[in-house]
Every structure is written in C-alpha cells, then in structure tokens.
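Encoded as structure tokens, the structure appears first; notes follow it.
Protein chains in written order, with our numbering: chain A, 4 to 306; chain B, -3 to 267; chain C, 12 to 415.
See the structure below:
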C-alpha cells in the first residue's frame, strides 16, 4: 500500500515533495494554512468568543444582556435532566442519518466511480442537482409524498394493500428519512472522491488473496477508502446534530431535538446568555466525542 | 478494464437516484397546480410562472442569493482547499488545533453562529447587515466542508509524485500546478459543489446578517410560509432545476466532462 | 446641508434625551456623528449635484440625533415637507393588500423596498440590533413590544401633523394602553386566537378549549408552536390569566399541557396547511389564518372559545434610525386611508381599527363575530402582555421541559 507514506516518515522530503528545507516549509505552511486560519479566527472564533462572554451574563428586566455579575450559572442550569431526552434524540437522529447516508452513499459512489466512465462528473452533479433548489420546498414536497392523503398512502390504499392510511408524517421515521435525504450528497461526494482514488489493481490483488469479492472489499477497499468514509461521516453527523428544522417540519410532538431547544431559548425565551451556554455545552460534547472517535481511527486513517 | 457492474448495484443506484429526484418531480408537478396552497391538486395552470415573472421581490432575492453563492464558493474553495492540502501534507505542531478549528463551525448551532456574527458586526463595526456581510458569513461556514473534503483526498496523494516532477525540472509552483492540482481537482470540485448547496440554502445565519435590500431566496421563501408555500416558489425552483440541467447538457455536449473525466480516470498511480 | 427641524422640543433637549437613552458618552456620540455626518453630507452633496443645485431633500437629522417631535395639539400650519424617494418597509409576507405598494408608489412616486422576515424573533432581533431599527423605516411589531421599544429608543415619536388620517381610527383605538395617544405607533390589525376545525371530520359545534384535550381526536389535533399561545390556551381552560407570573399557576398550566401532548399530532408552524391538507382535523389557530383556510376548504369553522381567548394587535411604527422619516409618515397615513385600509383587510382577512374603512370592508369579515367580535366580547378577551426577565424564564423553562 503506497498510500500510507507520510512526509514525516521520509526524512529530507518536506511538504511539497522537494528537499528545499525548513524555510521553504515555513513559507509553504504560511501560504497554505494562514489565510484560512486567519479568516476563521477573525470571523468565527472572535464572534464566538463574544458569545462565550455573553454566556456568562444574564438578561435584565429591560431586555438587555448584562455582565454585571458574570457567572457560570447558565452552564449549571443547562444540565437540566428534562433536556436529556432531547439530547439523546439528537444523537439518535444524527447517528441514524449518518449510518444510513454512508450505507446508501457508499454503493452509489462506488458505482459512479467504477462504472460511470466518461459520465462520472455528470452523474455526480446530478446527485447534487436536487440540492440546488430550496431546502424548504424539498421538505414540503416530502410532506406531500408522506402525508396521510399523500402519494405513498394514496398508492397503498388505492391498490388495496391497506385500508386506512398509515401516519408516516410526523414520526421518527419521517424525520430520519428527511435527514438522510438531506445529507446524502454530503456523504456521496467525499466518498466518491476517496473511492475514485482507489487503485483497481490492488483490489484485484485482494480478490486473488482472499479468493472472494467480499474479502477483497473488507480487507482492501474499505480500509483504503477510510479517509473518505471518515470525511463523509464528519460532514454528515456533525451538521445533522444541529438540524432542527427537518424534525420541526417532518416530525411530531416527540421529535424535538436539543438544537430546537436552543433555538427556542434564543427566540421565545429571549435569553441569549442561557442559549449560548447550552450551545457551547452541546459543542463541547460533540467536539470531545468527535475527537475521541477520530483518534481511535487514527491507526487506520492517514494523517 | 473495470469489471461489469453487478445488477443489484446498478438497480440500487438507480433507485437512489429516483428517490433523490422524487421530491423534485413533485415540486415541478405542483408548480402547475391551480391551488394557491401546495397541497391539493386542483387543476393545471401556468399562471404561477406568469406571476413569477412579475414578482420582482422573488427575482431580486434570487439574484442576491446567486451573488452570495458565487462569492461564497470562490472564497471558501480557495481558502478551504489550501487548508485541506496544508493539513494533509504539512506536519506541524498545531495541526490538531487547526483540525479542531475546522470542525467548530460545523458543530456550532446556526443560531449561535448567526447571532455571534450579528453582534460582532453591529457592535464592533456598526454594520447593519448587507450582501457583503452575508458573503463573509457564508465563506466562514463553508470553509470547513471544502477543507475536510480536500484533505481526505490530499491525505492519500503520494508526495513523491511532485518530487518526481521537480526532479524532472519543474519548479515548485509548476509541479504543484501540473501534478498536485489535477489530482486534487475532483475533491476541490466536490467541495465547491457542497459549498454552493450550503450557501444557496442557508437561512438562519443569513437572516441575522441580512440588511435592507439583501433578502435572499431562503429568507423570502421561509417568510412566505405563513401564507403557504405558494406555487410561485415551486415555479422558481423548477426554473432553477431546468436552467442548471440545460447548462449541464450543453457543457456535456461540448465535451467539458470528457476532459475532466479523463483527468480523473487517467490516474498516474493506477499503472 | 439644510437642517430640517420638525416642530417641538429643541435640538439640544432632544439630543440629551437621545444620549440618555443610548447610554453613550458625549465624546463617543460626537465621534459617531462626525463619521456619519461626513457620510451624510457627502451623499447630500451628491444628491444636490444630481438635482442641478436645487436644495437637497435632507433627512431631518443623522440617526444618532433624532429630533423628537411632540404632537402639537393645534395645527400651526406646517408646510408639507418633500418626501424622500425611497422607503424601507419590514413586514410579514402577504400582510398587506395586493395593490397597496403599487398605489403608494403611484401616488407619491416613492419606491418601496419591502423586506420580509420569517418569524417574530428575527424581526425583533433585526429591529434591535443597532438599537434603531436595523436600517428600516417602518415595521409592524406586535403591540406588546411597545413598552420595550419606547423605553429603548427603538421607535421614533410620530409627527401627527403628517398623519391626518389618524382621525379614521375608531375611538377605542385612539388612546391604547400600551401607547397613550398613539405617540409612537398606529394600530394596524388585530386578531384573536381560537381554534379551527374541519366540520366534515368533526361534525359538531365546538365551543370550548376542552375540544383540544379530547381524546376522541387523538393524533388529529395540533397546537401552535408558540409558547405564549399554548400557555394561554391552557390558562384559559384553567380559568387563569395567560399573563400569570405565579409559579404555582404556571405549574398547573404545565401539567395541563403535558396531559395534552400525547393527544397532539404536532406543534405546528403552519396551521393553515396542516388543516387544509388533512393532516389534522382540529387546530389551534389565529383568526386571520382561519380565513386563509377557507380559501381552500370553505367549510372550515372557527370559534373564540367560551372560556376566553387571546386577542392581539400589531402596530405600525417609524423606527428611530429611519433614513426616510417623511416617507415613513406618508406610508402610515396612506395605510390609514379608508379605501386602502379596507383593501388591506379584504385581502388578508384581518380586521383593522379603522372606522372610516368599515363601509368598504367585505361583509364576510366585518359581519362575522369571530373576526369582528362585538365590543362586549372583545372586552373579555385578554392581550398577551410583555413579560420581562426573569418572569419570562419561568415560562421558557417549562416550555422547553414540555417540548424536550
């Protein structure tokens, strides 16, 4: 497997593959990393820092955020046991959507890569095409498809499969379906990018070694495409945790996520400090969990 | 050559495409619905397209959204690709921190990010929201997606390829341009497409950074929900789909994809 | 640059008032004025050049130093000032007659930029973000926000001399409690919050909030995804006030809502679609939404429940940072015109407090006691009052616990 050689394993070869030395390396690092990092620090971390400060404050009766007595009260309050169901539900939805997106996206990405031929790019763009329309209308379209007198139910009732329509909309099922649908391209694209890189001859060798397509897949293809799988998982799970609008529109009374609660606290509750605190807690948990998961995968992941 | 596709795999892929486009077909069909609200089919009409042509508000919003999306894509693709490649290639002590920094925008609840930017721009710069401010916000949350996509690909590229090019006489930039960049192209393109979709559809962060006259299409559409997602909105989505499809068809006919695909297929490593 | 001074208190008095409200130091203020003044002066210069040297239509003052005007009781005839060329309005979608903007433009030659917002939270955040209205001239907040807005200097005192059509308002609305003498606002529309149902599915005459707790309609009902409204409904059922601050009462309300939750299909953002699409048979709804429902399902019924209901109204205000205050006043005056007001009401289905418009309002609106309740019914309905922190927190904590 040639792909696992990192620059650090080869003394004398620096980042750009040349042997110029540490100064060129620093310049290279500067050119590559600095613009993005500076941008994120100024336009993301700094504003976020402001919110962190706000999270230590409270709201006075006049409706303003006051920092007269900063404290961690909001964080303490955020650990309410009543929020636990919503939190677990968020993890469940995001997890389910991610697993499904990967399970569905991988074969599709594989097919496009191996059998798309000249039309590969076109097929990829076709995957993205639905997502260049408004998200809200797509969700409304799903409502038309899934509601009690919608397309699916009408079909089932008309063909006599069932007598009464089954409530599909406003359930967990509809939410996970909607979320998976919404995040599928975020999975397919990075998966494709990784699978496409795969050297067919290695797979062939694997087939010979393991005497089965399945063995080759498990022991050659899957590990080699792991960077793509990890990227796809990240790009699906993390935003899915923050998606409250899909459960809002497609869900019922028992589909509230923690992200929705944060939204409610900011809007109906007019409580920016408390909302920020809860938001930061959610972020901390997510980041900790993600880094842990990534670290445990580091052995198989390149870099 | 590649093996013949398994029937199941082909059928599965086809089914996925069908499901992907099912809501699109529904919304196209309902753009011809006579009912003002989206739900009951009352008859065929093209009235909504006519109304759309006269609806300056929606058209303005679409124009704003397009401008923002283009700038967001260009900005985030450049910054994100550089970041992704740098993270994959360069070993340095802060790489863990940079990686965490990349994940943070994705983890941040949108309302927190939106309001943080609102407070930032209003209090520190006395800015009241504008199309420029929206663009800055969009680039900010798109960078991570591009960077992670590019990084995954860059991580599996062999740096010795570039070294070989340099040994053959290419300059550092030349090697980068003729070897690394083409190999990364699919990932960069994928990141750009993700960024476009993200920007085009964004509501919450945008609504906190919009100002007078910088209403985007998602804001316009979501604001109309009170009186129903009228078929005018279906109409505009249908037009978008149609325009992009036609553009794709034309590009395909002109062979644009063949050269891109050739670059992708003719992988120097797959010897 | 000619300074337009509206009649009333002196510039320095207004300035001191404004500084007090903004909590700025004088130095900070002067710095901002200098910066903005330079920009304004420059733009005025450009306008003057464009008009070939004619005196520019100067906005009365920089936003930082709004000259506040008190409504002069006797009209020492003020010359009608030349309005600006543009107007920035910030409103709900479809909350105005179909031709109103067009007609306004035809009458005054003013181009209206009409921006929308998806929900009240976004609206309020935008209006408050710079403390002056976020760059807009006119907006339509709920009346409950008026104490907050006037206290924090978000809105500008109205110059009644520019709004002669104020006389069209019915007597009851000339001096509302939230804004004595309509100094800062003009009432727009009002509504009630009851519930609506499809008589083909529920062939009964429902009259009580009990209906929304009836297990016979299990999984066929929805409540509005609105904390104050849901608490209100439960409060009425318990014969409590929807503005209660008593934590014991709030606990009762929470228990009542918890009993209801398993029977509901959803907490809805879009009551209109949910009923017309058949997703629910019965839904918590605003009166104007019910009118919308009847467009697709003409037989839909609505009731103001016997135990009581919420009534509310919104208002038109001129924001304190309005770049085009004259045009803003004209807009308000225009919308108070009998014909325009009637057209607005007829299009959107909400009643307005405009007596002069009454003859022109369609019968199905003004004669319907559900949309236009007689005074004795109205007197029984309760407005949702503004709840300051920490009282609001008592609600929020319970609402989030309920929804989680």
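The beta-carbon is built from N, C-alpha and C at its ideal position, and this holds for glycine as well.
Checklist entry - What is the DSSP secondary structure of residue 57 of chain A, reduced to helix, strand or coil? => result By 1-based counting over the first chain, the position of residue 57 of chain A is 54. In the structure shown, residue 57 of chain A sits in a helix (DSSP, three-state: H, G or I).
Item to check | Secondary structure of residue 279 of chain C, DSSP reduced to three states | outcome: Counting from one through the third chain, the residue named residue 279 of chain C turns up at place 268. In the three-state reduction of the DSSP assignment, residue 279 of chain C falls in the strand class.
Next on the checklist: Run through chain A and tell me which residues come within less than 7 Å of residue 105 of chain B, C-beta to C-beta.
Outcome noted: The count along the second chain starts at 1 and reaches residue 105 of chain B at position 109. Residues of chain A passing the Cβ test: 245, 262, 265, 282, 285.
Checklist entry - Just reading off the alpha helix (DSSP H) that residue 336 of chain C is part of, what are its end residues? => result Stepping through the third chain from its first residue, residue 336 of chain C is reached at position 325. Looking at the DSSP string, the run of the alpha helix (DSSP H) that includes residue 336 of chain C is 336 to 347.
Checklist entry - With a cut-off of 8 Å, does the C-beta of residue 150 of chain A fall near any C-beta of chain C? => result Taking the first residue of the first chain as 1, we reach residue 150 of chain A at position 147. Chain C contact via Cβ: present.
Checklist entry - Where are the alpha helix (DSSP H) runs, 4 residues long or more, that stay fully inside the segment 36 to 124 of chain A, in chain order? => result Runs of the alpha helix (DSSP H) inside the segment 36 to 124 of chain A: 49 to 58, 76 to 81, 87 to 118.
Next on the checklist: For residue 218 of chain B and residue 104 of chain C, I'd like the C-alpha separation in whole angstroms.
Outcome noted: As a first step, residue 218 of chain B is located in the second chain; it is residue number 222 there, counting from the start. As a first step, residue 104 of chain C is located in the third chain; it is residue number 93 there, counting from the start. Distance between the alpha carbons of residue 218 of chain B and residue 104 of chain C: 10 Å.
Next on the checklist: Does the segment 364 to 380 of chain C come into contact with the segment 122 to 136 of chain C, if we say contact requires no fewer than three beta-carbon pairs (one atom in each stretch) closer than 8 Å?
Outcome noted: Verdict: no, contact absent.
Next on the checklist: For residue 129 of chain B and residue 205 of chain B, I'd like the C-alpha separation in whole angstroms.
Outcome noted: As a position in the second chain, residue 129 of chain B is number 133, starting the count at 1. As a position in the second chain, residue 205 of chain B is number 209, starting the count at 1. When rounded, the distance between both Cα atoms is 6 Å.
Next on the checklist: Suppose you measure from the CA of residue 393 of chain C to the CA of residue 365 of chain C; what does that come to, to the nearest Å?
Outcome noted: Counting from 1 along the third chain, the entry for residue 393 of chain C is found at position 382. Counting from 1 along the third chain, the entry for residue 365 of chain C is found at position 354. Going from the Cα of residue 393 of chain C to the Cα of residue 365 of chain C covers about 21 Å.
Next on the checklist: Counting only beta-carbon separations shorter than 8 Å, does residue 361 of chain C have a partner in chain B?
Outcome noted: Translated into the one-based positions of the third chain, residue 361 of chain C becomes position 350. Taking Cβ atoms only, chain B never reaches closer than 8 Å to residue 361 of chain C, which makes this a no.
Checklist entry - Cβ atoms of residue 197 of chain C and residue 327 of chain C: under 8 Å apart, would you say? => result Along the third chain, one-based indexing puts residue 327 of chain C at 316. Along the third chain, one-based indexing puts residue 197 of chain C at 186. Against a cut-off of 8 Å, the Cβ pair of residue 197 of chain C and residue 327 of chain C comes out as a contact.
Item to check | Chain-ordered chain A contacts of residue 405 of chain C [CB-CB under 9 Å] | outcome: As a position in the third chain, residue 405 of chain C is number 394, starting the count at 1. The premise fails here: residue 405 of chain C is roughly 10 Å from chain A at the closest Cβ pair, so nothing lies under 9 Å.
Next on the checklist: Any C-beta of chain C within less than 9 Å: which residues of the segment 161 to 193 of chain A qualify?
Outcome noted: For the segment 161 to 193 of chain A, the set of residues with a beta-carbon nearer than 9 Å to any beta-carbon of chain C comprises 170, 172, 173, in chain order.
Next on the checklist: Less than 8 Å between CB atoms is the rule here; does residue 280 of chain C satisfy it with respect to chain B?
Outcome noted: Against the third chain, residue 280 of chain C aligns to sequence position 269. With its beta carbon less than 8 Å from one in chain B, residue 280 of chain C belongs to the interface.
Next on the checklist: I need the straight-line Cα distance from residue 277 of chain C to residue 233 of chain C, nearest angstrom please.
Outcome noted: Taking the third chain and counting its residues from 1, one reaches residue 277 of chain C at position 266. Taking the third chain and counting its residues from 1, one reaches residue 233 of chain C at position 222. Those two C-alpha atoms are separated by around 5 Å.
Checklist entry - Using the beta-carbon count (16 or more within 10 Å), is residue 280 of chain C buried or exposed? => result The sequence position of residue 280 of chain C within the third chain is 269, counting from 1. Burial of residue 280 of chain C is indicated by the presence of at least 16 other C-beta atoms within 10 angstroms of its C-beta.
Checklist entry - Given that a residue counts as buried once 16 or more other Cβ atoms are within 10 Å of its Cβ, and exposed if not, what is residue 95 of chain C? => result Walking along the third chain from the start, residue 95 of chain C turns up at place 84. Its Cβ being crowded by 16 or more others within 10 Å, residue 95 of chain C is buried.
Checklist entry - What is the DSSP secondary structure of residue 150 of chain C, counted as helix, strand or coil? => result The residue given as residue 150 of chain C occupies position 139 in the third chain. In the displayed model, residue 150 of chain C falls within a strand according to three-state DSSP.
Checklist entry - Taking any Cβ of chain A, which residues in the segment 153 to 182 of chain C have a Cβ under 8 Å from it, in chain order? => result Contact annotation: in the segment 153 to 182 of chain C, residues whose CB is within less than 8 Å of a CB in chain A are 159, 162, 163.
Checklist entry - Taking the alpha-carbon positions, what's the residue 388 of chain C to residue 343 of chain C distance? => result Taking the first residue of the third chain as 1, we reach residue 388 of chain C at position 377. Taking the first residue of the third chain as 1, we reach residue 343 of chain C at position 332. Rounded to the nearest angstrom, the two C-alpha atoms are 29 Å apart.
Checklist entry - Any contact of the segment 288 to 298 of chain C with the segment 210 to 223 of chain C, i.e. 3+ C-beta pairs under 8 Å? => result A contact between stretches requires three or more CB pairs, one per stretch, nearer than 8 Å, and the segment 288 to 298 of chain C meets this requirement with the segment 210 to 223 of chain C.
Checklist entry - If you scan the segment 287 to 344 of chain C from start to end, which runs of the alpha helix (DSSP H) of 4 or more residues do you find wholly inside it? => result As summarised for the segment 287 to 344 of chain C, the continuous alpha helix (DSSP H) elements at least 4 residues long and confined to that stretch are 298 to 307, given in chain order.
Checklist entry - Going by C-alpha distance, which of C/208, C/162, C/179 is nearest residue 199 of chain C? => result Looking up residue 199 of chain C in the third chain gives position 188. Of the listed residues, the one whose Cα sits closest to residue 199 of chain C is C/179.
Item to check | Contact with chain A by residue 40 of chain B, beta-carbon distance below 8 Å | outcome: What you label residue 40 of chain B is simply residue 44 of the second chain in a count that begins at 1. No, its Cβ sits nowhere closer than 8 Å to a Cβ of chain A.
Item to check | Proximal residues of chain C, C-beta to C-beta of residue 216 of chain B below 7 Å | outcome: Taking the first residue of the second chain as 1, we reach residue 216 of chain B at position 220. Neighbours of residue 216 of chain B on chain C, chain order: 127.
Next on the checklist: For the alpha helix (DSSP H) containing residue 175 of chain A, name the first residue and the last one.
Outcome noted: Looking up residue 175 of chain A in the first chain gives position 172. Counting along the chain, the alpha helix (DSSP H) containing residue 175 of chain A begins and ends at 175 to 198.
Checklist entry - Just by C-beta distance, which residues in the segment 69 to 82 of chain B are closer than 7 Å to chain A? => result Within the segment 69 to 82 of chain B, 75, 76, 78, 79, 81, 82 place their CB atoms closer than 7 Å to a CB of chain A, listed in sequence order.
Checklist entry - For the segment 204 to 237 of chain C, which residues have a CB atom closer than 8 Å to at least one CB atom of chain B, in sequence order? => result Close to chain B, meaning a Cβ-Cβ distance shorter than 8 Å, is no residue of the segment 204 to 237 of chain C at all.
Checklist entry - What residue range is occupied by the uninterrupted beta strand (DSSP E) comprising residue 124 of chain C? => result Indexing the third chain from 1 puts residue 124 of chain C at position 113. First-last of the beta strand (DSSP E) with residue 124 of chain C: 122 to 127.
Item to check | Beta-carbon separation (whole angstroms), residue 299 of chain C vs residue 361 of chain C, contact threshold 8 Å | outcome: As a working note, residue 299 of chain C is residue 288 in the third chain. As a working note, residue 361 of chain C is residue 350 in the third chain. Indeed they touch by this definition, with Cβ atoms about 4 Å apart.
Item to check | Unbroken alpha helix (DSSP H) run spanning residue 13 of chain B, endpoints | outcome: Counting from 1 along the second chain, the entry for residue 13 of chain B is found at position 17. Its alpha helix (DSSP H) spans residues 3 to 26.
Checklist entry - Could you give the residue range of the alpha helix (DSSP H) that holds residue 175 of chain B? => result Counting from one through the second chain, the residue named residue 175 of chain B turns up at place 179. Run containing residue 175 of chain B: none; DSSP gives neither H nor E here.
Item to check | Inter-residue Cα distance where the pair is residue 264 of chain C and residue 211 of chain B | outcome: On the third chain, position 253 is the one that residue 264 of chain C refers to. On the second chain, position 215 is the one that residue 211 of chain B refers to. The alpha-carbon atoms of residue 264 of chain C and residue 211 of chain B are separated by roughly 39 Å.
Checklist entry - Should residue 47 of chain A be labelled buried (16 or more other beta-carbon atoms within 10 Å of its own) or exposed? => result The residue you call residue 47 of chain A lines up with position 44 of the first chain. By the 16-neighbour rule on beta-carbons within 10 angstroms, residue 47 of chain A is buried.
Checklist entry - Tell me which same chain residues have a C-beta within less than 8 Å of the C-beta of residue 55 of chain A, skipping the five on either side of it? => result Position 52 of the first chain, counted from the first residue, corresponds to residue 55 of chain A. The residues are 279, 283.
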